[in-house]
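See below for the structure under consideration.
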Amino acid sequence: MSILLVGALGQVGQELKQTLPQVEPTFGRLVPVGRSQLDLTDLDAIASTVQSIAPQLIVNAAAYTAVDKAESEPDLAYRINAEAPGALAKAAAACDAGLVHISTDYVFSGQTPSPRRESDPTAPLSVYGKTKLAGEEAIRQVLERHIILRTAWVYGTYGRGNFVKTMLRLAKERSVLNVVCDQIGSPTWAKDIAEAITQLSEHIDRYPGTYHFTNSETASWHEFATAIFEEARAQGLSLAIETVNPIPTSDYPTPAQRPPYSVLDCQKITGVLKHAAPQWRVSLQQMLKQYVKESMSQTT
Ligand SMILES: NC(=O)c1ccc[n+]([C@@H]2O[C@H](COP(=O)([O-])OP(=O)(O)OC[C@H]3O[C@@H](n4cnc5c(N)ncnc54)[C@H](OP(=O)(O)O)[C@@H]3O)[C@@H](O)[C@H]2O)c1
């Protein structure tokens, strides 16, 4: 018996590596693989790897996540975000495994200011959103024993980069920053996603399907950035930043269009796990405490 964790080196993947051992008694030993062991562009390799490991549970934390670059690489994004999850689901079905897959708030257009439920109509605005939606559909078509967890605005200690790390880097170099104030979402710590996935995986047989999960309460990117600087200073980080100007999205054009109101309704997962997700600001404090401690220990 085993759990195959795909995309083990991403920001959520690395957190899952630490939380999934909690469910080893149910599903077996954790086998984490990164891109060098399983490249998701190779659909044959997906089938043969899953067949040789014959896991009880597959958790897919890998994805093409470069939202803007996806606009100019739609085929590659489609291969990794749509075809590969479909191939994982087929391979899971062939060995009676369950599949937990991560999706995104960007499957919605976010044009109206009310939190989106799992059953609400999707209407992705970007190539990334369209390919992630196609991945969800490919899984649903071939595998009942699945959990698709849509999340949003993810940051964490691990991985190459995210909004928190980018803001901290810029805040050390600059005294003024302009940050978008008319996109609203729920900043979500990768560690909380990993905990939620780990707990939810135990319910895959009784309650399969699609779930929304984010940290609770909402913010604009501008409010999030301001909170990052306040909390980082409270943890003892020295920053050059003095002024954070709120700007409209129209002043910060990007290749991919983002949903203006990107809040997910998380009542369904709360009902199954019997507890609500932490407030985003509380999780941000925890993450920064860990991040500052680790970065200070690296410099001493
Ligand atoms: N980040 C967000 O704000 C956000 C928001 C909503 C949903 N999500 C979803 O959350 C999940 C986890 O995202 P994340 O934030 O942890 O992203 P991440 O840090 O970019 O991790 C993605 C991982 O996928 C791997 N990967 C990419 N192409 C691959 C391939 N061809 N074969 C094998 N592995 C490949 C990457 O490997 P390399 O490091 O080698 O490239 C990386 O380790 C994804 O499904 C994403 O769509 C993310």
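Last residue of the sequence shown? That's 300 in the numbering used here, and every number before it is there in order.
We treat Cβ as the ideally placed atom computed from N, Cα and C, and that holds for glycine.
Owing to the predicted nature of the structure, the values given are computational and were not obtained by experimental measurement.
Supposed contact pair residue j and residue i - C-beta distance, whole angstroms, cut 8 Å
{"i": "I184", "j": "S220", "result": "6 Å"}
{"i": "P260", "j": "G110", "result": "5 Å"}
{"i": "G7", "j": "L57", "result": "14 Å between Cβ atoms; not a contact."}
{"i": "L284", "j": "P187", "result": "7 Å"}
{"i": "V142", "j": "K90", "result": "5 Å"}
{"i": "A152", "j": "T214", "result": "5 Å"}
For residue i, three-class secondary structure by DSSP
{"i": "R29", "result": "strand"}
{"i": "Q235", "result": "coil"}
{"i": "L143", "result": "coil"}
{"i": "V67", "result": "coil"}
{"i": "L284", "result": "helix"}
{"i": "V263", "result": "coil"}
{"i": "P246", "result": "strand"}
{"i": "G271", "result": "helix"}
{"i": "R116", "result": "strand"}
{"i": "N81", "result": "helix"}
{"i": "L38", "result": "coil"}
{"i": "L177", "result": "strand"}
{"i": "A196", "result": "helix"}
{"i": "L20", "result": "helix"}
{"i": "D251", "result": "helix"}
{"i": "L125", "result": "coil"}
{"i": "I46", "result": "helix"}
{"i": "D75", "result": "helix"}
{"i": "A240", "result": "coil"}
{"i": "L133", "result": "helix"}
{"i": "A92", "result": "helix"}
{"i": "Y291", "result": "helix"}
{"i": "Q14", "result": "helix"}
{"i": "G86", "result": "helix"}
DSSP bridge partner residues for residue i (one or two, in chain order)
{"i": "A219", "result": "G185"}
{"i": "S2", "result": "R29"}
{"i": "Q279", "result": "S216"}
{"i": "T151", "result": "T104"}
{"i": "P55", "result": "DSSP, once it has assigned bridges, lists no residue as partnering P55."}
{"i": "T210", "result": "I148"}
{"i": "L99", "result": "I58, H146"}
Residue environment, residue i, which counts as buried when at least 16 other CB atoms sit within 10 Å
{"i": "A341", "result": "Nothing about residue 341 can be read from this structure; the chain reaches only from 1 to 300."}
{"i": "T41", "result": "exposed"}
{"i": "V176", "result": "exposed"}
{"i": "E231", "result": "buried"}
{"i": "G13", "result": "buried"}
{"i": "S126", "result": "buried"}
{"i": "D192", "result": "buried"}
{"i": "C95", "result": "exposed"}
{"i": "P121", "result": "exposed"}
{"i": "S262", "result": "buried"}
{"i": "T112", "result": "exposed"}
{"i": "R169", "result": "exposed"}
{"i": "G161", "result": "exposed"}
{"i": "N245", "result": "exposed"}
{"i": "M167", "result": "buried"}
{"i": "P278", "result": "buried"}
{"i": "Y291", "result": "buried"}
{"i": "E136", "result": "buried"}
{"i": "K132", "result": "buried"}
{"i": "R150", "result": "buried"}
{"i": "P25", "result": "exposed"}
Nearest candidate by alpha-carbon position, reference residue i, set the options
{"i": "E202", "options": "F27, E137, V164", "result": "F27"}
{"i": "M303", "options": "K172, T157, V272, M296", "result": "Residue 303 is absent from the structure shown; the chain starts at 1 and stops at 300."}
{"i": "R140", "options": "V100, A152, R169", "result": "V100"}
{"i": "L239", "options": "F229, P246, N245", "result": "F229"}
{"i": "D39", "options": "I269, A54, A61", "result": "A61"}
{"i": "G236", "options": "S295, A87, S250", "result": "S295"}
{"i": "T254", "options": "G271, V180, I241, A92", "result": "V180"}
{"i": "A92", "options": "S297, S52, V272", "result": "S52"}
{"i": "P208", "options": "L133, R145, E195", "result": "R145"}
{"i": "K268", "options": "M167, V107, R258, R116", "result": "R116"}
{"i": "T19", "options": "A194, K293, I102", "result": "A194"}
{"i": "S72", "options": "G161, Y128, E118", "result": "Y128"}
{"i": "Y211", "options": "V67, E15, C266", "result": "C266"}
{"i": "G34", "options": "L16, A87, S297, A66", "result": "L16"}
{"i": "V272", "options": "P32, A196, H222, R258", "result": "A196"}
{"i": "A171", "options": "A134, A227, D182", "result": "A227"}
{"i": "Q11", "options": "S36, S48, T65", "result": "T65"}
{"i": "S103", "options": "S114, A87, A82", "result": "A82"}
{"i": "I147", "options": "T198, N178, G159", "result": "T198"}
{"i": "L200", "options": "E137, V59, E118, E136", "result": "V59"}
{"i": "S241", "options": "A45, Y106, E173", "result": "For the record, residue 241 in the displayed sequence is Ile; it is not Ser. I241 has its Cα closest to that of E173, out of A45, Y106, E173."}
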